[in-house]
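Peer 1: I have a structure I would like to understand better, so I am pasting it below and will then ask my questions one at a time.
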Amino acid sequence: FLLWQRWTGDRQIEIAVVPSPQSQDRAMAADYANVAAADMAAFLPRRFDRAAVIAPAVATGRESAYRMQISTTPHGTGADASVTLSDQDGRSALWSKNWSVADASAAELKQDVSASASKAALCLTDARGGSRPLSQPALGVYLSACAGMGDTEQSDADFQANFERLTKLAPDFPPGWAYLALGRAWLAQSL
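In terms of my numbering, the sequence shown opens at residue 25 and continues consecutively.
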């Protein structure tokens, strides 16, 4: 029983970071994917020792549990970028984020894409790597809420509503309760 319990709690999380085949600028998307993969590989295994990041150069044709696709579309001096985290077959998008900037030459877009991809990967390890992994629809709610923490686009009310919904969908998931308590503490402090 103890071996089975330990085996079910030891989930390997593999994330392949690749440029999207639909990207209009494959070279730019590959550059962004390489930066995101390097950033993730630098810190993710230290936070979750059973995490593996598969770089774009070796991800082609290799199976992994999750895929992080990065797409870029230049327009004049600007660019659009998107990151999508999906399951292995790419049919189920678990999380995504989009950007549009007027000046693509600035390194900020690449850093923003990498930081958001890394944050989503970290949230994925929390959601799927523990002894009580989340499944859909709670997984999507958690990834959106967790990866959105710290964004100015998400209000405190949205933050709290997302984690209230998560705790209803997955009452046995401790991080959901922890973030809900944090959201309520922020609300209490602001009052």
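Each residue gets a CB set at the ideal place from its N, CA and C atoms; glycine is no exception.
Taking three-plus beta-carbon pairs below 8 Å as touching, is the region 130 to 140 in contact with the region 97 to 113?
Peer 2: At 8 Å Cβ cutoff, the stretches touch.
Peer 1: Taking the continuous beta strand (DSSP E) assigned at G102, which residues delimit it?
Peer 2: As a working mapping, residue 102 is identified with position 78 in the sequence shown. Element bounds for G102: 102 to 111.
Peer 1: If we call anything under 9 Å between Cβ atoms a contact, is A128 one with T101?
Peer 2: Residue 128 sits at position 104 when you count from the first residue of the sequence shown. Residue 101 sits at position 77 when you count from the first residue of the sequence shown. In this structure, T101 lies closer than 9 Å to A128 by Cβ.
Peer 1: Would you list the one or two residues that DSSP bridges to A40?
Peer 2: Counting from one through the sequence shown, the residue named residue 40 turns up at place 16. Its beta-bridge partners are I78, R91.
Peer 1: What three-state label does DSSP hand L158 in the structure shown?
Peer 2: Locating residue 158 in the sequence shown gives position 134, where the first residue counts as 1. Three-state DSSP puts L158 in coil, outside helix and strand.
Peer 1: Is T96 near the ligand FMN - that is, is its Cβ less than 8 Å away from at least one heavy atom of it?
Peer 2: The ligand content of the structure shown is nil, which means the ligand FMN is not present either.
Peer 1: Please classify L211: is it buried, with 16 or more other beta-carbons within 10 angstroms of its beta-carbon, or exposed?
Peer 2: As a first step, residue 211 must be located in the sequence shown, where it is residue number 187. Exposed, by the Cβ-count rule.
Peer 1: How big is the Cα-Cα spacing for A209 and R50?
Peer 2: By 1-based counting over the sequence shown, the position of residue 209 is 185. By 1-based counting over the sequence shown, the position of residue 50 is 26. Roughly 44 Å separates the two Cα atoms.
Peer 1: Among V165, A61, A126, A75, whose alpha-carbon lies nearest the alpha-carbon of G291?
Peer 2: Any question about residue 291 goes unanswered here, given that the chain covers just 25 to 215.
Peer 1: Please classify Q160 as buried or exposed, where buried requires at least 16 neighbouring CB atoms within 10 angstroms.
Peer 2: For this step, residue 160 is matched to residue 136 along the sequence shown. So Q160 counts as exposed.
Peer 1: In chain order, what residues of the same chain lie with their CB nearer than 6 Å to the CB of R30, ignoring the 5 residues before and after it?
Peer 2: By 1-based counting over the sequence shown, the position of residue 30 is 6. Its pLDDT being 43, under 50, R30 is placed unreliably in this model, and the coordinates cannot settle the point.
Peer 1: Where does L215 fall in DSSP's three states?
Peer 2: The sequence position of residue 215 within the sequence shown is 191, counting from 1. L215: coil per DSSP, three-state reduction.
Peer 1: Have a look at the DSSP bridge pairing and note the partners of A117.
Peer 2: Along the sequence shown, one-based indexing puts residue 117 at 93. Its beta-bridge partners are S110.
Peer 1: Roughly how many angstroms lie between the CA atoms of A40 and A83, to the nearest whole one?
Peer 2: As a first step, residue 40 is located in the sequence shown; it is residue number 16 there, counting from the start. As a first step, residue 83 is located in the sequence shown; it is residue number 59 there, counting from the start. Computed Cα separation, rounded: 6 Å.
Peer 1: Enumerate in chain order the residues of its own chain whose CB-to-CB distance from N122 is below 6 Å, with the five nearest sequence positions on each side excluded.
Peer 2: The residue given as residue 122 occupies position 98 in the sequence shown. Same-chain partners within the cutoff: S106.
Peer 1: Which class does P195 belong to by DSSP, given the choice of helix, strand or coil?
Peer 2: By one-based count along the sequence shown, residue 195 stands at place 171. Reduced to three states, the DSSP call for P195 is coil.
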